[in-house]
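Trainee: Provided herewith is a single structure, encoded as structure tokens, for subsequent inquiry.
Residue numbers (full-length UniProt numbering): 1 to 93.
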């Protein structure tokens, strides 16, 4: 069995922030109430910053724990779908 550090190792470590931003943009597109980053909305540098974290009561959160497994899985699935489509467009032989 692989260790946790080996399993979570990214091939391109610089991609972490881009993937994080993509995750929050997709959540906003899906209308899911999540905030961006570890702090306030002021750190969000995205087209959807105004929509991120809106829970109707003025509360913002950077937690994903209140979402269902299906909602979280939908975001992850969409990330995968977009990354595969990008690779197919840019890396065809």
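Backbone N, C-alpha and C define an ideal beta-carbon position, used for all residues, glycine too.
(1) Could you tell me how far apart the beta carbons of residue 26 and residue 79 are, in whole angstroms, since I believe they sit closer than 8 Å?
(2) Report the CB separation of residue 32 from residue 88 in whole angstroms; it is logged as a contact under 8 Å.
(3) Quick check on DSSP: helix, strand or coil for residue 12?
(4) To the nearest angstrom, report how far apart residue 35 and residue 29 are at their CA atoms.
(5) Taking the alpha carbon of residue 82 as the point to measure from, which residue in 18, 9 and 64 has its own alpha carbon closest?
(6) With distances taken Cα to Cα, identify the nearest neighbour of residue 74 among 24, 9, 13 and 86.
Mentor: In terms of the structure at hand:
(1) 6 Å
(2) Not confirmed; about 26 Å, so no contact.
(3) Three-state result, residue 12: coil.
(4) 13 Å
(5) 18
(6) 24
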